[in-house]
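S.K.: The following block contains the structure, expressed as structure tokens.
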Amino acid sequence: MRVIVSGAGLGGLVLAHALRDHAEVVVLDRDASAGDTGGYRIALTPEAVAVVEQHIPARLVDRIRSVSDGPRTFSQFIIADSRLRPIVVAPEPPGQDRMLCQRRALRQILAEGLGDGIRFSSTVASAEAHASGASVTLTDGTRIDGDLVVAADGARSATLRTLAPDTSADTGLVGIAGSTPLTRGVRFPRYLDRGPALAVDRLGTGMFLSLTSRGLSSIPADLADAVGPPSLVWGLIARRQALPDVREAGPEELALTASALVRRWHPWMQDAILGSAADRTAAFSFRAADPSAPRFPWAPCRITAIGDAVHAMPPTGGRAGATAIRSAGALADALIAEPDTDAAVARYQSRVDEWARPAIVESLGPVRVIAALRHPLAQLLAGPALGVAGALGAAAYRRRVRAAAER
Ligand SMILES: Cc1cc2nc3c(=O)[nH]c(=O)nc-3n(C[C@H](O)[C@H](O)[C@H](O)COP(=O)(O)OP(=O)(O)OC[C@H]3O[C@@H](n4cnc5c(N)ncnc54)[C@H](O)[C@@H]3O)c2cc1C
1451 MRVIVSGAGL GGLVLAHALR DHAEVVVLDR DASAGDTGGY RIALTPEAVA
1501 VVEQHIPARL VDRIRSVSDG PRTFSQFIIA DSRLRPIVVA PEPPGQDRML
1551 CQRRALRQIL AEGLGDGIRF SSTVASAEAH ASGASVTLTD GTRIDGDLVV
1601 AADGARSATL RTLAPDTSAD TGLVGIAGST PLTRGVRFPR YLDRGPALAV
1651 DRLGTGMFLS LTSRGLSSIP ADLADAVGPP SLVWGLIARR QALPDVREAG
1701 PEELALTASA LVRRWHPWMQ DAILGSAADR TAAFSFRAAD PSAPRFPWAP
1751 CRITAIGDAV HAMPPTGGRA GATAIRSAGA LADALIAEPD TDAAVARYQS
1801 RVDEWARPAI VESLGPVRVI AALRHPLAQL LAGPALGVAG ALGAAAYRRR
1851 VRAAAER
């Protein structure tokens, strides 16, 4: 069997590893190399880690672990107010096996061991299904045939353009994210030592905060650049109308725009944003699939899809990478177990919503809160509520930390 995978992102690369002993796999990506990408910390859930453990060679799993933050760095999730005072502390179940690593490092490792099965600088323009197979056409006109084409090329997939052009929609939110090395004397709330936080102000501006790459003692030399120094990762989320058009903005302008939106927040926040590394400051728009819509709105054929191509979700739940990897594992399992390709694809497609729909719904939670705060009345009510909750939450949090320390 010959499988053409469009997109060498997290899902596409895991699928290629999983099928390497069962099919000829050709992975196509528009990037020039695996390291030619951006991104911040990707959190893999225990279910996604299980897929990685099952399908990725042990040597590569060890390399992923060598660049992953330990489970202690995700033992809780905090919702905070704009003074960065905790409002809600949600502990994570203890003992969970997670991988928390830089997207670029993870992608570089996943691209290893696939030989010339990966073809970089290959941009897919379209795909077409035939009676017993499918083909893709690249932007340079090259046509590549296979028994199955898998769209793993992210939201607004070119591979699905004719089958299903609208598998996701713009949420109306824009993100500006950066990574600020901790070596510059940057200050941050101590609760980040134990897990990430989402801070929200009464106008509906959100800020994701997490610490990354601290205490990694054995980073392989060839991955040091991709991992980067110990850093505070910050991600501003705002309604598009609250920002100037940042599509053409450079890193400095993006940092200035983000810092202007949080000028009334705790002063630490502005300092951190302005210290962001230029090569790790970028803007994103957030898309999401409709959780209640069918995931595969086309007649069954030899084109299927994994990851953001069919179940896009904003990074607000930290679930997109993990969900793409689960889908890659499930498609591989179905193709390995079932000799009839059409039946295998049907089996996989019928199961995807078991894990994709809850992940989309969870990721849309913060988006709904931020969107609701566009109304002046909601802002009026949210201001005092967030302030009081923040003050009470901080006191309750301090009590819990004291109690934990005394146990
Ligand atoms: C640059 C970048 C930075 C990101 N940063 C973060 C982050 O910090 N935190 C987070 O939670 N999520 C981040 N994400 C999203 C997260 O990686 C994805 O949601 C998740 O990996 C889903 O996996 P996927 O395999 O569906 O898509 P992805 O991992 O996004 O991979 C899609 C791949 O398809 C390729 N591609 C796209 N179009 C074509 C085409 N026409 N022809 C050939 N190849 C194509 C892309 O180059 C990419 O390599 C980022 C995504 C990207 C692309």
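Position one of the sequence shown corresponds to residue 1451 (the numbering used here), numbered consecutively onward. Glycine is no exception: its CB is placed at the ideal position from the N, C-alpha and C atoms.
By how many angstroms is the C-alpha of PRO1680 removed from the C-alpha of LEU1632?
M.R.: C-alpha separation (whole angstroms): 6 Å.
S.K.: Please classify ILE1454: is it buried, with 16 or more other beta-carbons within 10 angstroms of its beta-carbon, or exposed?
M.R.: ILE1454 is buried by the Cβ-count criterion.
S.K.: Give me the DSSP bridge partner(s) of TRP1684.
M.R.: TRP1684 pairs with GLY1628 and LEU1659.
S.K.: Whole angstroms are fine: how far does the CA of ASP1792 sit from the CA of GLU1698?
M.R.: Between GLU1698 and ASP1792, the C-alpha separation is close to 44 Å.
S.K.: I'd like to confirm something about ASP1479: is its beta-carbon nearer than 6 Å to some heavy atom of ligand 1, or not?
M.R.: Yes, the Cβ of ASP1479 comes within 6 Å of a heavy atom of ligand 1.
S.K.: So, is ASP1729 buried or exposed, given that buried needs 16 or more other C-beta atoms within 10 angstroms?
M.R.: Under this definition ASP1729 is an exposed residue.
S.K.: Under 7 Å between the Cβ atoms of ASP1479 and ALA1458?
M.R.: Against a cut-off of 7 Å, the Cβ pair of ALA1458 and ASP1479 comes out as a contact.
S.K.: Which class does ASP1783 belong to by DSSP, given the choice of helix, strand or coil?
M.R.: Note: ASP1783 maps to helix in three-state DSSP.
S.K.: Rounded to the nearest angstrom, how far is the Cβ of ALA1738 from that of ALA1774, given a contact under 8 Å?
M.R.: Contact doesn't hold; Cβ gap of about 14 Å is too wide.
S.K.: Any idea if SER1571 is buried or exposed, counting beta-carbon neighbours within 10 angstroms, 16 or more meaning buried?
M.R.: Exposed.
S.K.: Excluding the five sequence neighbours on either side, which residues of its own chain have a C-beta within less than 6 Å of the C-beta of LEU1673, listed in chain order?
M.R.: For LEU1673, where only same-chain residues beyond five positions count, the Cβ hits under 6 Å are VAL1517 and ALA1555.
S.K.: For THR1754 versus VAL1795, is the C-beta spacing smaller than 7 Å?
M.R.: Their beta carbons are under 7 Å apart, which means THR1754 touches VAL1795 by this criterion.
S.K.: Given this structure, state the Cα-to-Cα distance separating ALA1619 from PHE1746, to the nearest angstrom.
M.R.: Each residue's alpha carbon lies about 15 Å from the other.
S.K.: From which residue to which residue does the beta strand (DSSP E) around VAL1455 run?
M.R.: First-last of the beta strand (DSSP E) with VAL1455: 1452-1456.
S.K.: Classify GLU1856: buried if its beta carbon has 16 or more other beta carbons within 10 angstroms, exposed otherwise.
M.R.: Residue confidence is low: GLU1856 scores 44 on pLDDT, short of 50, so the model does not pin down where it sits. Its coordinate-derived value is still stated next. Exposed, because fewer than 16 other Cβ atoms sit within 10 Å of the Cβ of GLU1856.
S.K.: Taking only runs that begin and end inside the stretch 1714-1770, name each unbroken alpha helix (DSSP H) of 4 or more residues, in chain order.
M.R.: List check, alpha helix (DSSP H) in window: 1717-1724 and 1758-1761.
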